[in-house]
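In this text, residue positions in the sequence shown follow the working numbering: the first is 1, and each later residue adds one.
All C-beta atoms, glycine included, are put in the ideal place defined by N, C-alpha and C.
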Amino acid sequence: CCIGTDIEASVLTTAALVDLGIKNIWAKAITNAHGRILERVGAHHVVFPEAEMGTRVGHLVTGHMLEYVALDEDFVIAEMITPDEFIGTPLGESELRAKYKVTVVCVKPSGGHFTYAERTTVLSKSDLIVVAGHRADVDRFTDTDR
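Pasting the structure below:
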């Protein structure tokens, strides 16, 4: 149920879908209060696309991240260029997880394709990496010196 900015129409349509017995209702909310109401009338999933996109774009415009995806309220995946601190050191020796509490999920060497990151993976300056972790940890990691 995605009805622009008309909160009343959104709530009434969601309630009608519940009355019809629809088993999987996704509804778009524009405010937290709107989202709570949609949940109370029976929406199974409430999304906040404008707020989520604003957060994503905010992270991207810093210049450190190329992609940013929130998997839930506190866990994210980010694509970025390898920070200078980790160039030339195997991931298993980098202490990246101990220091930043993030995990490098995969690596894309310049001109290559993404592949799984392993303990023996050595990062280069032009490599793209995808890291996963809690929002604050990923944010802190992406703020490392370039």
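Alpha carbon of residue i to alpha carbon of residue j, nearest angstrom
i, j, result
"aspartate 84", "lysine 125", "7 angstroms"
"glutamate 79", "proline 49", "20 angstroms"
"isoleucine 37", "alanine 16", "14 angstroms"
"arginine 146", "valine 41", "Confidence in arginine 146 is poor, its pLDDT being 43 and thus under 50, which makes the residue's placement too unreliable to answer from."
"aspartate 6", "glutamate 95", "50 angstroms"
"valine 107", "histidine 134", "19 angstroms"
"glycine 21", "alanine 43", "11 angstroms"
"phenylalanine 86", "valine 131", "13 angstroms"
"arginine 97", "asparagine 24", "38 angstroms"
"leucine 66", "glycine 112", "17 angstroms"
"threonine 31", "leucine 71", "20 angstroms"
"valine 11", "isoleucine 81", "43 angstroms"
"isoleucine 129", "glutamate 93", "17 angstroms"
"alanine 29", "valine 47", "6 angstroms"
Among the options, the one whose alpha carbon lies nearest that of residue i
i, options, result
"alanine 9", "Asn24, Gly21, His34", "His34"
"aspartate 139", "Val11, Phe75, Thr89, Cys2", "Phe75"
"cysteine 2", "His45, Arg97, Tyr68", "His45"
Burial state of residue i, where buried means 16 or more other Cβ atoms lie within 10 Å
i, result
"serine 110", "exposed"
"aspartate 137", "buried"
"threonine 14", "buried"
"aspartate 127", "buried"
Sub-8 angstroms separation of residue i and residue j beta-carbons
i, j, result
"phenylalanine 141", "tyrosine 116", "no"
"proline 90", "valine 69", "no"
Any chain C beta carbon closer than 8 angstroms to residue i
i, result
"cysteine 1", "Among the chains of the structure shown, chain C does not appear; only one protein chain is present."
Practice task
Please go through the region 62-103 and give each complete beta strand (DSSP E) segment of 3 or more residues, from N-terminal end onward.
Solution key: 65-70, 75-81
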